[in-house]
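**Q** In our numbering, the protein residues as written are -2 to 1007.
The beta-carbon is built from N, C-alpha and C at its ideal position, and this holds for glycine as well.
All of these numbers come straight from a predicted model, not from anything done at the bench.
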């Protein structure tokens, strides 16, 4: 009998050991070396993460939480039949959950949160009838919640947040009478919130954030008096908040419903919830006033009603601030973008000394700057931009020594900039532009050694620019001093700003020579010196500015010849030398090779250059070298080429007739031709082995040209498709007329007959080895090996696209509208540099006075665009415009950050990607971004000090730095300003380029520092 019992123990012992070793075999990465203890030298009950019953030596708990393990879960875990606990949370496990886990009939605790598990959640788990905790948040589960789980009536925690689950929230959860925590947040649930949830009288935690829920919140849920966290941000919920909510939910600590469609007033009874810590309802349609006695909430830490319709624009709107002095734990006060009027109450000076952020921008505030606000010594963010405030900045502003961001621009502030501002040694961004400040820049500002961006544009500042400013070596984004009245020279110390991206001192009264030390600023991308009184020659030292993209030296008194080195700055795409006194030959290489990229107007003694400039030929007195002359024969040929080219362009835009004839003649005249046989040979007879993909009007193949072995992409037009021939003409026309490093380069074309005697047309491009952006944003392969884009890669790609569009819109002689901007038309080379391609719908813009583009043509174009990216005005008959491209770019930029197509089911009939993002920004922007960004950016950042916590509904999901959050939000804001409904309000591409470059610089600076 004893021997038989021992035999049974041995067999079960081996069963458990085998299952554990099976799990070990599935682990592909184990950075903490947990599995190294899982070996034959010790019994499996001694292995790390394994707990056994002391009597029968069977495994009862498996706890590998936060082990950074990569791999999958084997079905054999279902053999550990004595298990009561499985905790695998916070790893990198992937694949499906085995149905065999349903055999674990004693299981009480199952935590699979924050991994990469996918597929449908197994219904067999319903057999684990003893389950008390079921947590699967932070994975990639799809489908609906299995209805079989309704039998798990002992559950206390049911956490399904942060997945890709769909369908509706099941009403049967209302039968889980023991539930304490319930989460469905960050999924794709639709429909209403079941009223049955109101039966859960013990529930303390309820979250349905970031879904597509509609309708009103069931009144029964407002009656669950045990609730401490009630979170329903970012849905499509509507209605008003119950007036008696302060009596029915007396234990609330967090009440958050931002980014919805709630209207009506803020219930006054909220002030009765003495436990409330977070009250967060931004981006709704709330009206009226914030209750005057809101200060009764003595534990309040965050009060955020930004982006609503609160206030009347009159005095007294902010009276409630008087009561907030009782909230001694208040850290955030968000009131931006409302209708608050009148002056700030003096009581703001008596708010909690723990206050870290005050945002009051974009209201209707008036009156002077409240002097006592300088008592709030822990303030890190003070934003009051875009109001109607007057008076001066308090002289003791420097007492706010913890300030990081100070935004006071766009008001009517007067007087000098206080010298005490130099005490703000933690300041990174100072924005005082577009006020009425006068006097001199205080030299003490040079003590702000952490400044990244200093903007003092558009004031009445005078005197010399202090040398101390150029001693702020941290300046790496923008130094904007333009549109003032500065005098004297630009100090040589400017050369100390080695990392600065943009220097703007235009529209002042500066004189003297341009300092040669500027050549040391090798990171400079934008240099604006126009509208001053600079004299002398352009320093030769500027030839080291290899990153320069824009250079403006216009309207000065510069002399001498135009430097040849300017044509060798390969990044330079815009150069303005107009209205100076330059003499001699105009170069023809680099930026000078395209007349749309530079201006030399108002220089009366220059000669030669491009034919279209119509400059006189250089004489012997104007040049000293015959090798600089262009042979007459070449010049004549070039003139004929250009005249023919622009004549064809004119006729092409004037009429769209005879497309098949014009396509052949145009391609042959302006593009080198390649034969059908050569293309067939290059692709092995257009073999499917060389197939890359399909575009709007044809199929793309990879090929190897026999003449030089170069790898190319060949776009074969499907001439049976309506509009394909026209697309061929358009693309030839556009791509032959433009040249930019971020636009896809066409190598050659083919307009011929194939082996069957059918018409054949193809375009040949440089091959882009990394495919298109769409395949990176929305990969089809699953699992741990799918391609991911980090945040800095997305930012670089966004900048590349913006540069390409800026060139099309602002630097071509006739602006070009792409008309079909989307991720599949963005191609990535081996270095991940982005190139805008597929110009089959592109249009040259006629002058506004012309009426060549008819309503029907515009509507036809709109119908050819891509759904989700087409600007709304095209649908109402508006003519095509560069603003239409800007809209498409804004949508694309949001897609790059969020990771969802604009046609994603996440967005319902009344919510598009723009509104979806807008609603998220002021509450929890990181909740909607592509999760792979966080994975790529945080996996090597474990040792960072300055961090913020992104909290899930039930516990901490990830740690990422605060500056990274600010970077992501800044990018999203650019996407929103580009995709505004009113075309006139959209941000132009040259400004987008500048802003994105500033974000990139800030990102790299912070990353380097941490």
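Report the three-state DSSP secondary structure of residue 790 (helix, strand or coil).
**A** DSSP places residue 790 in helix when its eight states are reduced to three.
**Q** Could you check what DSSP says for residue 425 in three-state terms: helix, strand or coil?
**A** For residue 425, the three-state secondary structure derived from DSSP is coil.
**Q** State the start and end residues of the unbroken beta strand (DSSP E) segment that holds residue 57.
**A** 56 to 60
**Q** DSSP puts residue 833 in a beta bridge; with which residues?
**A** 740 and 823
**Q** If we count the other Cβ atoms within 10 Å of its Cβ and call it buried at 16 or more, is residue 870 buried or exposed?
**A** Residue 870 counts as buried, since no fewer than 16 other beta carbons sit within 10 angstroms of its beta carbon.
**Q** Nearest to residue 879 by alpha carbon, out of 981, 683 and 131?
**A** 981
**Q** Could you tell me the distance, in whole angstroms, from the CA atom of residue 407 to the CA atom of residue 534?
**A** 37 Å
**Q** Report back the beta-carbon spacing between residue 177 and residue 200 to the nearest angstrom; my notes put them in contact at under 8 Å.
**A** 6 Å
**Q** Could you check whether residue 461 and residue 430 sit closer than 8 Å to each other, using their CB atoms as the reference points?
**A** no
**Q** With contact counted as at least three CB pairs below 8 Å, one residue from each stretch, are the stretch 289 to 305 and the stretch 320 to 331 in contact?
**A** At 8 Å Cβ cutoff, the stretches touch.
**Q** I'd like to know whether the C-beta atoms of residue 100 and residue 78 end up nearer to each other than 8 Å.
**A** With respect to the 8 Å criterion, residue 100 and residue 78 are classified as neighbours on the basis of their beta carbons.
**Q** Which term fits residue 893, buried or exposed, when burial requires 16 or more other beta carbons within 10 angstroms of its beta carbon?
**A** buried
**Q** For residue 983 versus residue 864, is the C-beta distance shorter than 8 Å?
**A** no
**Q** For the alpha helix (DSSP H) holding residue 173, just list the boundary residues, first then last.
**A** Where residue 173 is concerned, there is no enclosing alpha helix (DSSP H), given that its DSSP letter is neither H nor E.
**Q** Looking at the structure shown, is residue 698 part of a helix, part of a strand, or coil, going by DSSP?
**A** strand
**Q** Is it right to say residue 752 is buried, meaning 16 or more other beta carbons lie within 10 angstroms of its own, or is it exposed?
**A** exposed
**Q** Check whether the Cβ atoms of residue 412 and residue 439 sit closer than 8 Å, and answer yes or no.
**A** no
**Q** Can you give me the C-alpha to C-alpha distance between residue 464 and residue 488, rounded to a whole angstrom?
**A** 6 Å
**Q** Counting C-beta neighbours from all protein chains within 10 Å, is the total for residue 769 16 or more, i.e. buried, or is it exposed?
**A** buried
**Q** Tell me where the alpha helix (DSSP H) around residue 959 begins and ends.
**A** 959 to 975
**Q** What would DSSP say about residue 87, mapped onto helix, strand or coil?
**A** coil
**Q** In chain order, what residues of the same chain lie with their CB nearer than 8 Å to the CB of residue 468, ignoring the 5 residues before and after it?
**A** 443, 490 and 493
**Q** Would you decide whether residue 506 is buried or exposed? Buried here means 16 or more other CB atoms lie within 10 Å of its CB.
**A** exposed
**Q** Could you name each continuous beta strand (DSSP E) segment of 3 residues or more that falls completely within the stretch 344 to 406, going from the start of the chain to the end?
**A** 354 to 356, 378 to 380 and 402 to 404
**Q** Can at least three beta-carbon pairs, one atom from the stretch 505 to 521 and one from the stretch 530 to 546, be found at a separation below 8 Å?
**A** yes
**Q** Hey, would you say residue 134 sits closer than 8 Å to residue 172, going by beta carbons?
**A** no
**Q** Using the Cα positions of residue 197 and residue 325, report the straight-line distance between them to the nearest angstrom.
**A** 34 Å
**Q** Tell me whether residue 92 sits in a helix, a strand or coil according to DSSP, three-state version.
**A** Strand.
**Q** Would you list the residues sitting across from residue 508 in a DSSP beta bridge?
**A** 530
**Q** Specify, as a first and last residue, the run of the beta strand (DSSP E) that residue 155 falls within.
**A** 154 to 156
**Q** According to DSSP, residue 557 sits in a beta bridge with which residue or residues?
**A** 579
**Q** Note down the Cα distance separating residue 339 from residue 361, rounded to an integer number of angstroms.
**A** Spanning the alpha carbons of residue 339 and residue 361 requires a straight line of approximately 7 Å.
**Q** Whether or not the stretch 516 to 523 and the stretch 556 to 566 are in contact is what I'm after, with contact meaning three or more pairs of Cβ atoms, one per stretch, closer than 8 Å; do they touch?
**A** With a cut-off of 8 Å, the stretch 516 to 523 and the stretch 556 to 566 do not count as touching, because too few Cβ pairs lie within range.
**Q** I need the straight-line Cα distance from residue 940 to residue 210, nearest angstrom please.
**A** Confidence is the limiting factor: at residue 940 the pLDDT is only 34, short of 50, which leaves the residue's position unreliable, though a coordinate-based value still follows. Rounded to the nearest angstrom, the two C-alpha atoms are 39 Å apart.
**Q** In the DSSP output, which residue or residues are listed as bridge partners for residue 585?
**A** DSSP lists no partner for residue 585.
**Q** For residue 868, does the count of other Cβ atoms within 10 angstroms reach 16, so buried, or fall short, so exposed?
**A** buried
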